[in-house]
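2 protein chains.
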Amino acid sequence: MAATEPLLTFEDLTPGRSFSFPPRALSRKEIVDFATQWDPQPFHLDEAAARASHFGGLVASGWQTGSLCMRMIAEGLLNKSTSMGSPGIDEMRWIKPVRPDDPLTLTVTVLEARPSRSKPDRGTVRLGYLLVNGAGETVMTLGCWVMFKRRAPAVSEI
Amino acid sequence: MAATEPLLTFEDLTPGRSFSFPPRALSRKEIVDFATQWDPQPFHLDEAAARASHFGGLVASGWQTGSLCMRMIAEGLLNKSTSMGSPGIDEMRWIKPVRPDDPLTLTVTVLEARPSRSKPDRGTVRLGYLLVNGAGETVMTLGCWVMFKRRAPAVSEI
Numbered sequence: 000m001a002a003t004e005p006l007l008t009f010e011d012l013t014p015g016r017s018f019s020f021p022p023r024a025l026s027r028k029e030i031v032d033f034a035t036q037w038d039p040q041p042f043h044l045d046e047a048a049a050r051a052s053h054f055g056g057l058v059a060s061g062w063q064t065g066s067l068c069m070r071m072i073a074e075g076l077l078n079k080s081t082s083m084g085s086p087g088i089d090e091m092r093w094i095k096p097v098r099p100d101d102p103l104t105l106t107v108t109v110l111e112a113r114p115s116r117s118k119p120d121r122g123t124v125r126l127g128y129l130l131v132n133g134a135g136e137t138v139m140t141l142g143c144w145v146m147f148k149r150r151a152p153a154v155s156e157i
Numbered sequence: 000m001a002a003t004e005p006l007l008t009f010e011d012l013t014p015g016r017s018f019s020f021p022p023r024a025l026s027r028k029e030i031v032d033f034a035t036q037w038d039p040q041p042f043h044l045d046e047a048a049a050r051a052s053h054f055g056g057l058v059a060s061g062w063q064t065g066s067l068c069m070r071m072i073a074e075g076l077l078n079k080s081t082s083m084g085s086p087g088i089d090e091m092r093w094i095k096p097v098r099p100d101d102p103l104t105l106t107v108t109v110l111e112a113r114p115s116r117s118k119p120d121r122g123t124v125r126l127g128y129l130l131v132n133g134a135g136e137t138v139m140t141l142g143c144w145v146m147f148k149r150r151a152p153a154v155s156e157i
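Here the protein sequences come in this chain order: R and U.
Each residue of the first sequence is one higher than the last, beginning at 0 in numbering that gives the first Met the number 0.
Each residue of the second sequence is one higher than the last, beginning at 0 in numbering that gives the first Met the number 0.
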């Protein structure tokens, strides 16, 4: 077995650092399955209804696009880190529709890193997400705060 | 067959109007299934790992909580309206963890309504979401812009 890599901690997530993840597409079946369960609007469910809508064809639920990015960052970054989860998302923008089989590439950049004042074992990092389709167009952006444990507890600031 | 209700349009979504949707819970299986596909972090996937985490037990992915609200509003409001989809979400806050089988009640309030200046057939509405658990605690809030067609094209403002 290969030696296990040390987990990424708060200290590793310095502003300006960025991470890219391998492209992934949503198939027509994945789009319809997700919409059936979570977002049953005609333009996510049915090709004919979607063609008749202002989208002109089947498009993925924005929640599925967000969830796909969650999968990419969970596998590619958070599960290799000391992540303690996220308090929320800011300014999620669905800029272009996501179509079946379009390869989507996510880049995540550390925008800001704040050590916790009250809890010296952790800090919060603001990540900016940029999701680009096969034509190079931005389809989604969002900002996300994630809490990470520090490598070693900081000296108390009291 | 009952007479079909007229679709809700931009004009019906006046600031201050609010809509509540019947409570719905996420089962343990639904939480694990969603996490397996979209958010494979240990505290969403496995009870023992979740107990050992700072969450102290299995919690739903925040993306699943958002998707559940999407389902409630799609079925309860958008599919009975002239909705044209959403350009995005602001300030999604995951305030308390969502646990298996906790009944979640969504209330959506119209915060703002802006007729389009360039396209007289539509307008954009800002909705505030409040999701409350069985103990009456707020578990999630978010703001969402949704575009709706107007009842009849407005007189051109040129």
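Cβ atoms here follow ideal geometry from the backbone N, Cα and C, with glycine treated the same way.
- Task: Give the range of the alpha helix (DSSP H) segment to which U:M71 is assigned.
- Result: G61 to G75
- Is R:E29 near the ligand SAM, going by C-beta to nearest heavy atom under 7 Å? Among the components of this structure there are no ligands whatsoever, and the ligand SAM is therefore not found.
- Query: Is the CB of R:E156 under 8 Å away from at least one CB in chain U?
  - Reply: Annotation note: pLDDT 49 at R:E156 (below 50); position unreliable, coordinate value reported separately. Taking Cβ atoms only, chain U never reaches closer than 8 Å to R:E156, which makes this a no.
- Query: Applying a beta-carbon distance threshold of less than 7 Å, which residues of chain U neighbour R:P86?
  - Reply: The CB of R:P86 comes closer than 7 Å to the CB of R92 and W93 in chain U, given here in chain order.
- Query: Since U:L44 is in the alpha helix (DSSP H), which residue starts that stretch and which ends it?
  - Reply: U:L44 -> alpha helix (DSSP H) spans P41 to L44.
- Task: Name the two residues that bound the continuous beta strand (DSSP E) containing U:D89.
- Result: Looking at the DSSP string, the run of the beta strand (DSSP E) that includes U:D89 is G87 to W93.
- Message: Is there a Cβ of chain U sitting closer than 8 Å to that of R:G55, yes or no?
- Response: no
- Assess, as a yes-or-no matter, whether the segment 45-63 of chain R is touched by the segment 73-89 of chain R under the definition of 3 or more beta carbon pairs within less than 8 Å. Output reads no: the segment 45-63 of chain R does not touch the segment 73-89 of chain R.
- Item | Euclidean distance between Cα positions of R:V31 and R:F54 | 15 Å
- What's the call for R:R98, buried or exposed, on a 16-neighbour Cβ count within 10 Å? With 16 or more other Cβ atoms inside 10 Å of its own Cβ, R:R98 counts as buried.
- Query: What is the residue span of the alpha helix (DSSP H) that U:E29 lies within?
  - Reply: For U:E29, the uninterrupted alpha helix (DSSP H) run begins and ends at R27 to W37, by DSSP.
- Return no unless some Cβ of chain R is closer than 8 Å to the Cβ of U:S17. Chain R contact via Cβ: absent.
- Nearest-angstrom Cβ-Cβ length linking U:T108 and U:G127, presumed shorter than 8 Å: 5 Å
- Could you name the residues of the segment 73-84 of chain R whose beta carbon sits closer than 8 Å to any beta carbon of chain U, in the order they occur along the chain? A73, E74, L77, N78, S82, M83 and G84
- Determine, using beta carbons only, whether U:R61 comes closer than 8 Å to chain R. The sequence given here has Gly at residue 61 of chain U, not Arg. Closer than 8 Å to some Cβ of chain R, the Cβ of U:G61 qualifies, so yes.
- Task: Spell out whether any CB of chain R is found under 8 Å from the CB atom of U:P21.
- Result: no
- Specify, as a first and last residue, the run of the beta strand (DSSP E) that U:R121 falls within. R121 to V131
- Could you list which residues in chain U have their beta carbon closer than 8 Å to that of R:R70, in chain order? Q36, W37, D38 and P39
- If the cut is a Cβ gap below 9 Å, which residues of chain R does U:S117 touch? Ordered by position in chain R, no residue passes the 9 Å Cβ test against U:S117, which lies about 15 Å from the chain.
- Query: Any idea what DSSP makes of U:A24, helix, strand or coil?
  - Reply: coil
- Is there a Cβ from chain R that is less than 8 Å from the Cβ of U:D100? no
- To which residues of the same chain is U:F20 closer than 6 Å at the C-beta, ignoring the five residues directly before and after it? Spatial neighbours of U:F20 in its own chain (CB-CB distance under 6 Å, excluding positions within 5 residues in sequence) are listed in chain order as M71, G75 and L105.
- Short check: CB of R:L12 to CB of R:V138, under 8 Å? no
- Count the other CB atoms, across all protein chains shown, that sit within 10 Å of the CB of R:P96; report buried if there are 16 or more and exposed otherwise. buried
- Task: Select from R:E136, R:A151 and R:L6 the residue whose C-alpha is nearest the C-alpha of R:K118.
- Result: R:A151
- Item | 8 Å contact criterion, which R:F9 and R:F147 should meet: CB distance rounded | 4 Å
- Can you tell me whether U:A49 is buried or exposed, with buried defined as 16 or more other CB within 10 angstroms of its CB? buried
- Query: Going by DSSP, which residues form a beta bridge with U:T81?
  - Reply: Paired residue(s): none; U:T81 is not in a bridge.
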